[in-house]
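All the letters of the sequence shown, read from the start, carry residue numbers -31 to -1, 1 to 305 under mature numbering (1 follows the signal peptide of the UniProt record, and there is no 0). Each residue gets a CB set at the ideal place from its N, CA and C atoms; glycine is no exception. Note that the coordinates shown come from a computational prediction; the quantities given were computed from them, not determined experimentally.
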Amino acid sequence: MATARRYRANRLGARATALAAAALVAGCAVAPDPSPPARATGNLPVREAPPEPRSPASADADLRSFYAGVEKQLVDSGRLRRDPAPADLPFTDDDLIRDFVRVALYDEYTDVNGRFMHAERPALLRRWETPVRVAVMAGGSEPAEEAARDRSNVAAFTQRLAHLTGHDVALTDGNGANFLVLFMTTAEREAFANQVHETYPDFAPAVITALRNASIDNFCITYAFWDKTNPSVYSAVIVLIRAEHPAFTKMSCVQEEMSQAMGLPNDSPDARPSLYNDDLEFAVLTEHDAILLRMLYDPRLKPGMSVNEVLPLLPAIAADARAAEERDSGVTLAVN
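Now the structure itself:
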């Protein structure tokens, strides 16, 4: 795969800002009303104080060491599992229906006075209706080999999303991008936020604030924006993944954030086996999650549907999506 686009840490440059603007200006150069949905992945189980910031280079090195330790702690405790179809966690169609309602028809974050707050609330069904064009941006501090690997992971998962949803999802070199996946350090992320704000001062304040002040206990964050003419249709997405993460954590962030940005904005403690659960039990998209994506893009569902409209359709949709996943995988899913 081609090496990811690179922008120097000390000057992200007009091209980076232009790419972000091109992806977002149609849907949200001015924050929509109501505010755009956004979500953050599960918090890290931090048991020690994060490193104190020093120079940009030393701060990056400290954070890399810190996140490597957190990843090891999670793996050692039995989390970040890599088995997409675990035999110890069977699930029924009723489980799929329950989890779909909670993950697809609730928002996890709410814009409160220009800041995103964790406040779960019911939502209408949302998804993409226009083609999704994914662009990858890497900060200049990321080594070329890491940037190439990250882009390869995004490219492979983009193809998988297209297959699971049946929607037009493809990688682009930046032309027509409306789905940005950013791999940036803290300093690069802050510079990027400042450039977007300077160029577009009315750009969604909550997003600018969150980009500047992303908490150390977030793995990765997604900001999804809807079409001004239809708040149930996505128009643009920014996925922010910390460049300081080790490779495995970054790969997990790619799979969780990109899949949820297709229209599964919430997490649920009952969803298992699933990425869409803040306990971080799984690191890869599970067959349970693949079925939820198939359900979301079933033609019997339409953007803007309420839970009462969706529920009667879900038994047949879940059964059909499960059968499709079984045909694809060649593996019979465990059922209670």
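R291: member of the alpha helix (DSSP H) spanning L283 to S298, first to last residue. Here the alpha carbons of A173 and F69 stand approximately 29 Å from one another. By the neighbour-count criterion, in which a residue is buried when 16 or more other Cβ atoms sit within 10 angstroms of its Cβ, E256 is buried. N187 is the residue among P268, W195, N187 and D137 whose C-alpha sits nearest the C-alpha of T218.
Taking every protein chain shown into account, the CB of S275 has fewer than 16 other CB atoms within 10 angstroms, so this residue is exposed. Annotation: the continuous beta strand (DSSP E) that includes I190 extends over C189 to D196. Of the candidates L249, D248, A293 and Q164, the residue whose Cα lies closest to the Cα of L261 is A293. Only buried fits D64, as 16 or more other CB atoms lie within 10 angstroms of its CB. Rounded to the nearest whole angstrom, the CA to CA distance from N277 to P170 is 39 Å. In the three-state reduction of the DSSP assignment, E250 falls in the coil class, being assigned neither a helical nor a strand state. Under a 10 Å Cβ-count criterion, N147 is classified as buried, with 16 or more other Cβ atoms of the shown protein chains found around its own Cβ. A distance below 6 Å between beta-carbons, with the five flanking residues on each side excluded, links A290 to the following residues of its chain, in chain order: I260, R263 and M264. Cβ-Cβ distances below 6 Å link N122 to M220 and V223 in the same chain, with the five nearest sequence neighbours on each side left out; the list follows chain order.
By the 16-neighbour rule on beta-carbons within 10 angstroms, G273 is exposed. With respect to R71, A240 sits close: the two C-beta atoms are nearer than 8 Å. Taking the CA atoms as reference points, F126 sits about 13 Å from V101. Going by beta carbons, L180 and A162 fall inside the 8 Å limit. Taking a cut-off of 8 Å for Cβ pairs, the segment 243 to 250 and the segment 201 to 212 do not touch, as fewer than three such pairs fall below it.
The DSSP-derived three-state label of M153 is strand. Per DSSP, L49 has no beta-bridge partner at all.
The beta carbons of W97 and M231 sit about 6 Å from each other, so the pair counts as a contact at 8 Å. According to the DSSP assignment, N199 belongs to the beta strand (DSSP E) that extends over N199 to R211. Here the alpha carbon of P215 sits roughly 43 Å from the alpha carbon of P281.
Counting along the chain, the unbroken alpha helix (DSSP H) around A179 starts and ends at P174 to R181.
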